[in-house]
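S.K.:
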Amino acid sequence: MNLQPKTKRLLWVSAIGLVILIALGGFFTWTKFFRQEKEVFANEEEHFKYGSLGAEGDRGIPYYLWMVLPRIFPDLMPGPGGYKSFGVVWEEGHEIPVGFSKKVVGFARITNNCAICHTATYRLSEDEVPRVVVAGPGHTNNLQSMLRFLFKAAHDPRFNSDIIMNEIRLVNANNYGNGGLSFIDRQIYHYLLIPLTKKALLQQEKQFTWMERYVTDGKPKPNWGPGRDDAMNLTKYFMTNMAEDNTFGPTDFPSIWNLGIRSGKDNAGKQMLLNWTGDTPAVRSVLIDSALGLGAPAQPWFLQRMADLDHYLSNLPPPKWPFGETNPINQQVAAEGQIIYARECAACHEPRAQFTNKVVPITEIGTDPERMYSWSKDAAAEANRRVKQMGIERPPMVETQDPYGYVSPPLDGIWLRAPYLHNGSVPTLRDLLNTPGERPQTFHRGYDVFDPVKVGFKEPLLRPTGPTGELTQPYPLFDTREKGNGNKGHAYGTQLSDQDKEKVLEYLKTL
Amino acid sequence: MADSPDQPAKNRHRKWRIVLLVIVALLAIGFSYLAWRFTRDDPVTYTDPEEHFKYGSTGGERESGIPYWIWKVLPKMFPEYLPGKAYTAGTEYISLGFLYEPGKDLPIGASRRNTQGVDRVFLNCAICHTGSVRETPHSSPAFYTGMPSNTVDLESFEHFIFACASDQRFNAPRIMAEMEGIGAKYDLINRFLMRYYAIPFMRERLLMLKGHFRFGDWEPDAGPGRTDTFNPAKTLLEFPLEKLETRELVGLCDLPSIWLQGPRKEKNIHAHWDGNNSMMEERNKSAAFGTGAFPPTIDLKQMARIEQWLLYKEPPKYPFPINDQLSAQGEKLYVQYCANCHGRNGRDFNGEYVGQIVPIDKIATDRHRLDSYTEQLAVAQNTLYAGYPWRFSHFRKTFGYVNLPLDGLWLRAPYLHNGSVPTLRDLLNPSSERPTVFYRGYDVFDQGKVGFVSDVNRFDDDGRSKDDSDNPRKYFRFDTQVKPGGLTPRDRNEGNSNAGHEGPAYGTMLSAQEKDAIVEYLKTF
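Following this line, the structure appears as structure tokens:
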């Protein structure tokens, strides 16, 4: 084709212009939606508390949206204090709570990590700031209540860009040269991030409908409450397509320090098992499955992070009894307790002992069976297949038989692992040494003032609230009569004399 | 060329081109003008730092500013909502204790800025941190910057503007007419803006704020020279107030002096009565929320100027006679009893416990202010200034009150964190001998007891000064006693206790002569 020189030149100019435009557009898109900023942490502990698991794409809530949600929907929150009212651990000076990560993928986004369920706090009185122990059970955190808040907010008519941007503009906007969200960024928030997040939350809600099902006697499934989740149902509905069922398997968040002693073979060369019903044989698998549940994508980067976490948590020592000044351990009594422990408890609870990290059949242990029913070998097989499909190699979950009992774990740092039993149904160690009939029928969970005598957390008092001083209880009630919450079983040691119980208790403080 | 056939067509083209050009030029000029006008952001500035402190802007007018003429006309329209119940042209807000200097048409602590083509007014730091002193009821006042305000009743100011906004007369046509009545001249664009945007928006904003400040209905009146510092922070973060614990609802405290910040910074003396923040700049930004300055709107340059000036701003010297002999005796007692916690003197802040937090059980002063600050607030405040390098990160929950240096102490009456003890001499008495009821807000100095004249006998039942018959102002009756029964902390008058800071260690068991000596020495601070 013969073109006039003028036309040719025009075509060339247009072509170059187009290329530049596409390049700029590409750069813009990359900057605003894909550019990742590397996270830097002072040490492994900080990384554990605030590091990302890479779930930004799937679950990330844009930072400023996350920040203003409690300010827009205070009426949907359990109490004052923003996210703190869900019982999350929030260290002084930090912009996000423990278990939250803020990572830039285009925009800064908030996701959750392991520490959300595995960081404990305690204090001796309310006139103290809580002390934070990483890898401890997150007994204060009401995860379900936080999930429900997000879903309720997404349904609320106030969840619209106008209202949310009004609030964000008070928080961060570069209108007067102080820096902050530019005009373009605010448009992206307004027209993309906010509507997309709303959509994603509504979508996610559908993955949680099983949580709101009614159980057999026409009652809704009991609440998880602080410090618990429905672990195997979470796994089941994320990793398999199995039909929703009525099972409710409340699971007390375990401590995840010192994982090394739970890993591999015991002293007799027998395989040790993890998870409350011995569903998994390997630490790495538990970590991977839990992290996938938080929306982490299966990338090489992710597997490396799992390996690092495995290393960190396997070697992390449990916390020592910290009340040496106010409530010192009586070493002599503890020594006497150790003798009783060796006789009564060691076979099941001493690391790598004959029955430690093995399943004790339900007929023997007698604790609440519901958690067992929430998992099955079929679910395990299906989950294994899915994980393999994602291209992840990991020791598979046990798919040879259905759960038939509960695992007896080692008792390292047991003083901070209250409430006790797999469903967190017994508030203190001293109560656990009493016969089931003598254990408290109801108590409150989520309070972090420690009881150094009974070893566990104290029962919170009612507190005058609001201008008229109405007495309220901000901590959720735990009722052992509800499905899955039974406090029966594990009658070991309940036959001991009170004196001997005190001795055992004293020894347990030393672990 | 002259007789070329397409000449008329060419001419016509040129004509159209010129018309088009003119239209484009006019549009461009018009748009540039509007762009200039609506992106205007010109604070009234002052070269003298003290003038800047008194009348300069923190940026609060940008979002929270009240159009100048509305500021001027509200007291005329709604005098009944002012404590003085009267319109005083030129010194409109004087009955709220606002301080007016001769020749100024705004009080100290009010700043002016033109944003978006509208002149706006709002408060700055000086509103709470400038005080007034008179030697006698008949002498003219001296205004001291950096001194805690002893006259300004900020809460009554809030009540005033909220009452105006709730009144049916607060509507655009009425306010427009009234503004013009006192000389407002707005151009067409601003008239349009005022009528359809600014006035309705202001009303909406004020009613929203009124709702936010409902915590004030549950605690006793602040009165002049006091404010609730941290319940506003809870509303800023939209905490559901009805769900707060009752014990945290009373957050009233006395305004502090803010001079000599530099030496405080060097000694790392924590800010706020309970020492909940260790970073001066952060404390300042936190306080600036009270002047309407939000993270995007705060004027960092102007704030930095104030900050800089306050670092080594000296408190004024005691202007009245001091008995040197008595003062020398007092110095020895001071060193023995006070210096460890309060510093060697008014300028030397060294002392073993200076800046440390004394547990509440030990200091035993009223604990409401302490309890009003909670751990959940401390961590939620970490989200303030999110996304900026100066995001808050220094707030901490504490469990007592902090030992402060006593620089310029003579101007810091009434004393204790809740301003419950009127004079220094009273503070040296055990709480059983301190006045249970006294008056706040009066600015005549009491040279004997060091503080302001506050004795109930010097005021009539309405709170007017008996010594000062021309003065129409009603002063604030401060009651330190708790009332039994009652539904809310306000009904029970909680938070005003004058107990604590007493016992042998605090000098309250010394002889009257020794106490006089200490007071004499403290005048030198």
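Quick note, the sequences are listed as chains C and W, same order. Quick note on this note's numbering: the first sequence kicks off at 1038 and runs consecutively. Quick note on this note's numbering: the second sequence kicks off at 93 and runs consecutively. Every residue, glycine too, gets a C-beta built ideally from N, C-alpha and C. All values reported here derive from a predicted model rather than from experimental measurement.
Would you say ASP332 of chain W faces chain C, with C-beta separation under 8 Å as the test?
M.R.: One-based indexing of the second sequence puts residue 332 of chain W at position 240. Residue 332 of chain W is actually Pro in this sequence, not Asp. Closer than 8 Å: yes.
S.K.: Among residues of its own chain, excluding the 5 on either side of LYS405 of chain W, which ones have a beta-carbon nearer than 6 Å to its beta-carbon?
M.R.: Mapped onto the second sequence, residue 405 of chain W falls at position 313. So the qualifying residues of the chain are GLY238 and TRP351.
S.K.: Applying the criterion that 16 or more other CB atoms from any shown protein chain within 10 Å of the CB defines a buried residue, is GLN1532 of chain C buried or exposed?
M.R.: Residue mapping note: residue 1532 of chain C aligns to position 495 of the first sequence, counting from 1. Classification of GLN1532 of chain C: exposed, given that the 10 Å Cβ count is below 16.
S.K.: Going by other Cβ atoms of all chains shown within 10 Å of its Cβ, with 16 needed for buried, is ASN590 of chain W buried or exposed?
M.R.: By 1-based counting over the second sequence, the position of residue 590 of chain W is 498. With 16 or more Cβ atoms within 10 Å of its Cβ, ASN590 of chain W is classed as buried.
S.K.: Please check if any C-beta of chain C sits within less than 8 Å of the C-beta of ALA94 of chain W.
M.R.: Reading the second sequence from its first residue, position 2 is the one you call residue 94 of chain W. Note on ALA94 of chain W: pLDDT 45, under 50, position unreliable in the model; no value is reported.
S.K.: Taking HIS1481 of chain C as part of the beta strand (DSSP E), name the residues at either end of that continuous run.
M.R.: By 1-based counting over the first sequence, the position of residue 1481 of chain C is 444. Residues 1479-1481.
S.K.: Select from W:ILE610, W:PRO135, W:PHE307 and W:LEU402 the residue whose C-alpha is nearest the C-alpha of LEU328 of chain W.
M.R.: Sequence index remark: in the second sequence, residue 328 of chain W carries index 236 (1-based). Nearest option by C-alpha distance: W:PHE307.
S.K.: In chain order, which continuous runs of the beta strand (DSSP E) of length 3 or greater are located wholly inside the region 278-324 of chain W?
M.R.: The qualifying runs are 318-320.
S.K.: Straight-line CA distance for LEU1499 of chain C to GLY1264 of chain C?
M.R.: On the first sequence, position 462 is the one that residue 1499 of chain C refers to. On the first sequence, position 227 is the one that residue 1264 of chain C refers to. For LEU1499 of chain C and GLY1264 of chain C, the distance between alpha carbons rounds to 20 Å.
S.K.: Please report how far the alpha carbon of ALA1418 of chain C lies from the alpha carbon of LYS1395 of chain C, in whole angstroms.
M.R.: Counting from 1 along the first sequence, the entry for residue 1418 of chain C is found at position 381. Counting from 1 along the first sequence, the entry for residue 1395 of chain C is found at position 358. Approximately 20 Å, taken between the alpha carbons.
S.K.: Of the choices C:SER1182, C:VAL1142 and C:PRO1446, whose alpha-carbon is the least far from that of LEU1311 of chain C?
M.R.: The count along the first sequence starts at 1 and reaches residue 1311 of chain C at position 274. Ranking the options by Cα distance to LEU1311 of chain C, first place goes to C:PRO1446.
S.K.: Let me confirm a value: TYR507 of chain W is counted as buried when at least 16 other C-beta atoms fall within 10 Å, else exposed. Which label applies?
M.R.: Counting from 1 along the second sequence, the entry for residue 507 of chain W is found at position 415. TYR507 of chain W comes out buried.
S.K.: List the residues of chain W that ASN1178 of chain C touches, going by C-beta distances under 9 Å, in chain order.
M.R.: The residue labelled residue 1178 of chain C in the question sits at position 141 within the first sequence. Ordered by position in chain W, no residue passes the 9 Å Cβ test against ASN1178 of chain C, which lies about 14 Å from the chain.
S.K.: Do you know how far the Cα of ARG1342 of chain C is from the Cα of TYR1349 of chain C?
M.R.: Mapped onto the first sequence, residue 1349 of chain C falls at position 312. Mapped onto the first sequence, residue 1342 of chain C falls at position 305. Rounded to the nearest angstrom, the two C-alpha atoms are 10 Å apart.
S.K.: Answer with yes or no whether the minimum CB distance from THR1547 of chain C to chain W is below 8 Å.
M.R.: Residue 1547 of chain C sits at position 510 when you count from the first residue of the first sequence. For THR1547 of chain C, the answer is no, since every Cβ of chain W falls outside 8 Å of its Cβ.
S.K.: Relative to chain C, which residues along the region 340-371 of chain W have a C-beta separation below 8 Å, given in chain order?
M.R.: Listed in sequence order: LEU341.
S.K.: By the three-class DSSP mapping on this structure, what secondary structure does THR1509 of chain C have?
M.R.: Working through the first sequence from its first residue, we reach residue 1509 of chain C at position 472. Strand.
S.K.: Does the beta-carbon distance from TRP310 of chain W to THR139 of chain W come in below 8 Å?
M.R.: For this step, residue 310 of chain W is matched to residue 218 along the second sequence. For this step, residue 139 of chain W is matched to residue 47 along the second sequence. Their beta carbons are not under 8 Å apart, which means TRP310 of chain W does not touch THR139 of chain W by this criterion.
S.K.: So with Cβ pairs under 8 Å, would you call LYS1189 of chain C a contact of chain W?
M.R.: Within the first sequence, numbered from 1, the residue matching residue 1189 of chain C stands at position 152. Taking Cβ atoms only, chain W never reaches closer than 8 Å to LYS1189 of chain C, which makes this a no.
S.K.: At 8 Å on the CB atoms, spell out the chain C contacts of GLY151 of chain W, in chain order.
M.R.: Your numbering for residue 151 of chain W matches position 59 in the second sequence. The contacting residues are TYR1213.
S.K.: Can you give the Cα-Cα distance for ASP134 of chain W and SER203 of chain W, rounded to whole angstroms?
M.R.: On the second sequence, residue 134 of chain W is found 42 positions in, with the first residue counted as 1. On the second sequence, residue 203 of chain W is found 111 positions in, with the first residue counted as 1. Cα to Cα, ASP134 of chain W sits roughly 12 Å from SER203 of chain W.
S.K.: If the cut is a Cβ gap below 9 Å, which residues of chain W does TYR1101 of chain C touch?
M.R.: By 1-based counting over the first sequence, the position of residue 1101 of chain C is 64. Under the 9 Å cutoff, chain W gives ALA478 and GLY479.
S.K.: For the region 1195-1229 of chain C, enumerate the residues whose C-beta is nearer than 9 Å to any C-beta of chain W, in chain order.
M.R.: Hits within the stretch, in order: GLU1204, ARG1206, LEU1207, VAL1208, ASN1209, ALA1210, ASN1211, ASN1212, TYR1213, GLY1214, ASN1215, GLY1216, GLY1217 and LEU1218.
S.K.: Closer than 8 Å by beta-carbon distance: list the chain W residues that pair up with VAL1166 of chain C, in chain order.
M.R.: Against the first sequence, residue 1166 of chain C aligns to sequence position 129. Chain W residues near VAL1166 of chain C: GLU467, ARG488 and LYS489.
S.K.: Measure from the C-beta of ILE390 of chain W to each C-beta in chain C and report whether the shortest distance is under 8 Å.
M.R.: Position 298 of the second sequence holds residue 390 of chain W. At least one chain C Cβ lies under 8 Å of ILE390 of chain W.
S.K.: Using 8 Å for Cβ pairs, my map puts MET1183 of chain C next to PHE1137 of chain C. What's the rounded Cβ distance?
M.R.: In the first sequence, the residue the question calls residue 1183 of chain C occupies position 146. In the first sequence, the residue the question calls residue 1137 of chain C occupies position 100. The Cβ separation is near 11 Å, so there is no contact.
S.K.: Going residue by residue through the region 217-279 of chain W, where are the continuous beta strand (DSSP E) segments of at least 3 residues, counting only ones entirely within it?
M.R.: Runs found: 222-225 and 234-237.
S.K.: Do the region 216-234 of chain W and the region 269-285 of chain W meet, that is, are 3 or more Cβ pairs less than 8 Å apart?
M.R.: The answer is no - the region 269-285 of chain W does not touch the region 216-234 of chain W, with fewer than three Cβ pairs under 8 Å.
S.K.: Is TRP1338 of chain C buried or exposed, if buried means 16 or more other CB atoms sit within 10 Å of its CB?
M.R.: Stepping through the first sequence from its first residue, residue 1338 of chain C is reached at position 301. When all chains shown are included, TRP1338 of chain C counts as exposed.
S.K.: Can you list, in chain order, the residues of the region 1499-1520 of chain C whose Cβ is nearer than 7 Å to any Cβ on chain W?
M.R.: If the cut-off is 7 Å between Cβ atoms, the region 1499-1520 of chain C has ARG1500, PRO1501, THR1502, GLY1503, PRO1504, THR1505 and GLY1506 near chain W.
S.K.: Given LEU1352 of chain C, which residues of its chain have a CB within under 7 Å of its CB, disregarding the five upstream and five downstream residues?
M.R.: The count along the first sequence starts at 1 and reaches residue 1352 of chain C at position 315. Note that residue 1352 of chain C is Asn in the sequence shown, not Leu. Counting only Cβ-Cβ distances below 7 Å, and skipping sequence neighbours, we find GLY1297.
S.K.: Threshold first: 3 residues or longer. Then list the beta strand (DSSP E) segments lying entirely within the region 1399-1481 of chain C, N to C.
M.R.: If we require 3 residues or more, the beta strand (DSSP E) runs fully inside the region 1399-1481 of chain C come out as 1442-1444 and 1479-1481.
S.K.: Exposed or buried, what is TRP502 of chain W when buried is set at 16 or more other beta-carbons lying within 10 Å of its beta-carbon?
M.R.: Locating residue 502 of chain W in the second sequence gives position 410, where the first residue counts as 1. Classification for TRP502 of chain W: buried.
S.K.: Quick check on the burial criterion: 16 or more other C-beta atoms within 10 angstroms. Buried or exposed for VAL1135 of chain C?
M.R.: Within the first sequence, the letter at position 98 stands for residue 1135 of chain C. Flag for VAL1135 of chain C reads buried.
S.K.: Should LYS335 of chain W be flagged as near chain C, meaning a C-beta pair shorter than 8 Å?
M.R.: Here the question's residue 335 of chain W lines up with position 243 in the second sequence. Taking Cβ atoms only, chain C reaches closer than 8 Å to LYS335 of chain W, which makes this a yes.
S.K.: Consult DSSP for LEU516 of chain W and reduce its assignment to one of helix, strand or coil.
M.R.: Start at 1 with the first residue of the second sequence, and residue 516 of chain W comes out as number 424. LEU516 of chain W: helix per DSSP, three-state reduction.
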